[in-house]
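Undergrad:
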Amino acid sequence: MMQESSLRKDLPPRFTVSQRSAVNPGRLLALGYIAMIAVGTGLLSLPFASHGCSVIDALFTASSATCVTGLIVKVTPYDFTLFGQIVILILLQIGGLGYMTLSSAFFFLLGRKTSLRQRMLMKESINFLNYRNLSRFAFTIFKVTIMVESIGALILVGWFRFMHGMSWAGSVYHGVFHAVSAFCNAGFSTFPDNLSRFSQDPVVGLLIPALFITGGVGFIVISDVARRIRRETLRLATHTRLVLTATATLIIAGTLFVLISEWNGALGSYPLHVKLLNAFFTAVTPRTAGFNLVSIRGLRTYTLLVLMLFMFIGASPGGTGGGIKTTSFALAFTEIGRVLRRRREVVMLRRTIKSDQVHRATSLVILGGFVVLTSTLLLVIFKRGDDVMRCAFEAFSAFGTVGISTGSALSPYLSFAADLGVWGKLVLILTMFFGRIGTLTIGSALMKGARASRIRPAQTNIVVG
């Protein structure tokens with residue numbers, strides 16, 4: 019039984035500092051994703067994978083798929099062959115779950131024990147707090163993924179076939195692709211206009227968000243809720259309650275804001291029920307999903323600013339999305355309240371939060387802000403003074419692994435990234451990588467393990483504010 023106390027356990031005492039520095043799971047995790055991107059780039063560069071795709075565009079597409087972002091510089095159904103589209107589908111499935119999650123699940127299925135290094139990578143990959151039973155948990159993730167994606171695919175296949183008149187082959191392909199892409203929060207679509215053609219379709223407009231919200235809340239939350247439903251636990255863990263509260267708050271607040279701000283704007287021509295549907299979809303898709311029912315380019319500037327905030331926050335720990343995560347945002351926001359109220363500890367949901375977790379959340383917010391600001395600055399430089407808002411929106415979308423974009427001048431179906439040169443695309447590739455792997459994980463991958471020092475420098479005071 020996974021109690022809340024077990025969720026907060028860290029590495030066992032026998033796991034020493036020297037072992038941590040020797041293995042460095044952050045570095046190995048980053049190298050694993052780099053290897054996947056390299057393989058994907060090679061496959062998409064093959065002549066039978068596309069109808070003409072440069073190496074930089076293949077690299078960008080492979081990075082966007084592996085990092086489950088959805089920014090595109092090539093129109094997926096037009097510029098890639100069936101082989102290329104299947105490669106993209108496989109990349110986003112592996113990238114969404116994490117390659118260590120899949121390998122650990124197969125090891126459990128085969129009855130093989132995972133090594134210490136594999137368990138550490140698994141822990142780093144899904145932000146799992148409990149060191150034990152990771153292989154079993156990975157297999158649970160695998161089963162949940164197959165089940166949810168299968169249910170979503172079956173509904174979409176039937177809906178496309180009987181309500182939209184598609185062929186069985188087309189219905190199956192589009193249904194499976196979008197179910198996987200939605201659950202993995204990828205935002206890739208086999209329709210050139212993404213999901214704009216379904217702007218008045220309630221099934222597509224509600225099922226797709228249901229899939230990417232489920233994938234975005236994280237497998238730890240899904241597992242905890244399932245245990246509570248089966249009455250294996252008396253109450254939900256604090257982490258689960260925080261994620262669900264933050265997610266519900268952002269969905270409700272975002273929907274109301276988009277509905278009000280775009281009432282006579284992008285939503286002006288729709289009847290009330292369609293306005294509600296599109297406001298809801300537009301509010302939840304920036305939380306790392308990347309699909310769109312309405313044109314992002316047609317939204318007002320202040321709406322784009324709020325969507326940028328949502329993209330920066332992203333999904334939840336252990337989920338298939340990016341960003342700083344809902345829990346980090348909530349902890350950092352609560353920490354500000356603690357400082358203003360001059361309280362000694364951060365208290366959330368009637369629980370005192372450990373100071374090191376608050377520091378980690380604050381560091382994530384600061385590092386994430388640094389990444390998107392640096393990315394925006396570089397995009398403006400490489401685009402030579404182009405619209406700062408468009409550059410910033412693309413940078414936030416890349417960091418949050420979202421995929422929505424203000425659009426390209428080359429084609430209404432492409433992202434703004436398609437207008438960038440090689441250096442601009444490389445900046446976005448690195449930004450997507452940071453957003454998917456995590457800024458702290460990247461930082462730990464670049465830093466050598468430090469041993470605790472017995473020498474403590476004298477304390478002093480610094481004037482702040």
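Under this note's numbering, the first residue of the sequence shown is numbered 19, with each subsequent residue one higher.
Don't be surprised by glycine CBs; every beta carbon is placed ideally from N, CA and C.
1. Name the DSSP bridge partner or partners of Val-365?
2. Starting from Gln-477, follow the alpha helix (DSSP H) in both directions and report where the run begins and ends.
3. Around the Cβ of Pro-227, are there at least 16 other Cβ atoms within 10 angstroms (buried) or fewer (exposed)?
4. Count the other CB atoms, across all protein chains shown, that sit within 10 Å of the CB of Asn-479; report buried if there are 16 or more and exposed otherwise.
5. With a CB to CB cut of under 7 Å and the five nearest residues on each side skipped, what residues in its chain are close to Tyr-96?
6. Taking only three categories from DSSP, how would you classify Thr-168?
7. Ser-81 and Ile-55: beta carbons closer than 7 Å?
8. Look up Ser-39 in the DSSP assignment and say whether it is helix, strand or coil.
9. Per DSSP, what kind of secondary structure is Phe-237 in: helix, strand or coil?
10. Please list, in chain order, all residues of the same chain as Phe-126 whose beta carbon is under 7 Å from its beta carbon, the five residues on each side excluded.
11. Output needed for Gly-308: all residues of its chain with C-beta closer than 6 Å, excluding positions within five of it in sequence on either side, in chain order.
12. Can you tell me which of the three DSSP states Ser-68 falls into?
13. Beta-carbon within less than 7 Å of Ile-269's beta-carbon, same chain only, minus the 5 sequence neighbours each way: which residues are those?
14. Look at the alpha carbon of Phe-195 and the alpha carbon of Glu-250, and state the distance between them as a whole number of angstroms.
15. Measuring only the C-alpha atoms, how far is Thr-352 from Thr-345?
16. Report all residues from its chain with a CB closer than 7 Å to the CB of Ser-3; omit the five preceding and five following residues, and keep chain order.
17. Count the other CB atoms within 10 Å of the CB of Met-165; is the residue buried (16 or more) or exposed (fewer)?
18. Count the other CB atoms, across all protein chains shown, that sit within 10 Å of the CB of Phe-78; report buried if there are 16 or more and exposed otherwise.
19. Out of Gly-234, Tyr-51, Thr-258, state which residue places its alpha-carbon closest to the alpha-carbon of Ala-244.
20. Can you have a look at Arg-360 and say buried or exposed, based on whether 16 or more other CB atoms are within 10 angstroms of its CB?
21. Assign Met-326 to buried or exposed, taking buried as 16 or more other Cβ atoms, counted over all protein chains shown, within 10 Å of its Cβ.
22. Suppose the cutoff is 7 Å on Cβ atoms and the five residues either side in sequence are ignored; what does the same chain contact list for Ala-476 look like?
23. Do you know offhand how far Cys-409's Cα is from Phe-328's?
24. Please list the terminal residues of the continuous alpha helix (DSSP H) segment that includes Cys-409.
25. Could you compute how far the alpha carbon of Val-57 sits from the alpha carbon of Ala-76?
26. By a C-beta neighbour count over all protein chains shown, 10 Å radius and 16 as the cutoff for buried, is Thr-163 buried or exposed?
27. Sort Ser-72, Leu-115, Ser-68, Gly-116 by Cα distance to Val-105 and report the nearest one.
28. Which of helix, strand or coil does DSSP assign to Phe-206?
29. What are the residues that DSSP puts in a beta bridge with Phe-98?
30. Give me the Cα-Cα distance between Arg-52 and Leu-290, rounded to the nearest whole angstrom.
31. Determine, using beta carbons only, whether Ser-381 and Val-445 come nearer to each other than 7 Å.
32. I'd like to know whether the C-beta of Leu-260 is nearer than 7 Å to at least one C-beta of chain D.
33. Taking the beta carbon of Ser-39 as the centre, do at least 16 other beta carbons fall within 10 Å, making it buried, or is it exposed?
TA: So, from the data block:
1. As a beta-bridge residue in DSSP terms, Val-365 pairs with Thr-370.
2. Segment: none, Gln-477 is in no alpha helix (DSSP H) and carries neither H nor E.
3. Taking every protein chain shown into account, the CB of Pro-227 has 16 or more other CB atoms within 10 angstroms, so this residue is buried.
4. Exposed: under 16 other Cβ atoms inside 10 Å.
5. Within the same chain, Cβ atoms closer than 7 Å to the Cβ of Tyr-96 are found at Pro-210, the five residues on either side in sequence being excluded.
6. A small correction: the amino acid at residue 168 is Ser; Thr does not occupy that position in the sequence shown. In the structure shown, Ser-168 sits in a helix (DSSP, three-state: H, G or I).
7. Going by C-beta atoms, Ser-81 is nearer than 7 Å to Ile-55.
8. With a pLDDT of only 43 at Ser-39, under 50, the local geometry of the prediction cannot be trusted, and the value read off the model is given with reservation. Residue state, collapsed to three classes: helix.
9. Three-state DSSP puts Phe-237 in a helix.
10. Annotation note: pLDDT 48 at Phe-126 (below 50); position unreliable, coordinate value reported separately. If the five residues before and after Phe-126 are omitted, its C-beta is found closer than 7 Å to the C-beta atoms of Ser-153, Arg-154, Ala-156, Phe-157, all from its own chain and listed in chain order.
11. The beta carbon of Gly-308 lies closer than 6 Å to those of Gly-88, Gly-205, Val-420, Gly-421, Ile-422 in the same chain, with the five residues before and after it left out.
12. Three-state DSSP puts Ser-68 in a strand.
13. Here Ile-269 has Ala-301, Val-302 as same chain residues with Cβ atoms under 7 Å from its own Cβ, once five neighbours each way along the sequence are excluded.
14. Cα to Cα, the separation comes out at about 35 Å.
15. The alpha-carbon atoms of Thr-352 and Thr-345 are separated by roughly 10 Å.
16. Past the boundaries of the shown model lies residue 3; the chain is included only from 19 to 483, so the question cannot be answered.
17. Taking every protein chain shown into account, the CB of Met-165 has fewer than 16 other CB atoms within 10 angstroms, so this residue is exposed.
18. So Phe-78 ends up on the buried side.
19. Nearest option by C-alpha distance: Thr-258.
20. That one is exposed.
21. Classification for Met-326: buried.
22. Closer than 7 Å at Cβ, skipping near neighbours: no residue.
23. A straight-line Cα-Cα distance of about 17 Å links Cys-409 and Phe-328.
24. First-last of the alpha helix (DSSP H) with Cys-409: 406-417.
25. One C-alpha to the other measures close to 11 Å.
26. Residue burial annotation: Thr-163 is buried, with at least 16 other C-beta atoms found within 10 angstroms of its C-beta.
27. The option with the nearest alpha carbon to Val-105 is Ser-68.
28. It is coil, neither helix nor strand.
29. Phe-98 is bridged to Ser-68.
30. The sequence shown places Ile at residue 52, not Arg. Going from the Cα of Ile-52 to the Cα of Leu-290 covers about 46 Å.
31. For the 7 Å CB-CB criterion, Ser-381 and Val-445 do not form a contact.
32. Among the chains of the structure shown, chain D does not appear; only one protein chain is present.
33. Its pLDDT being 43, under 50, Ser-39 is placed unreliably by the model, and the measurement read from it follows with that caveat. Exposed, because fewer than 16 other Cβ atoms sit within 10 Å of the Cβ of Ser-39.
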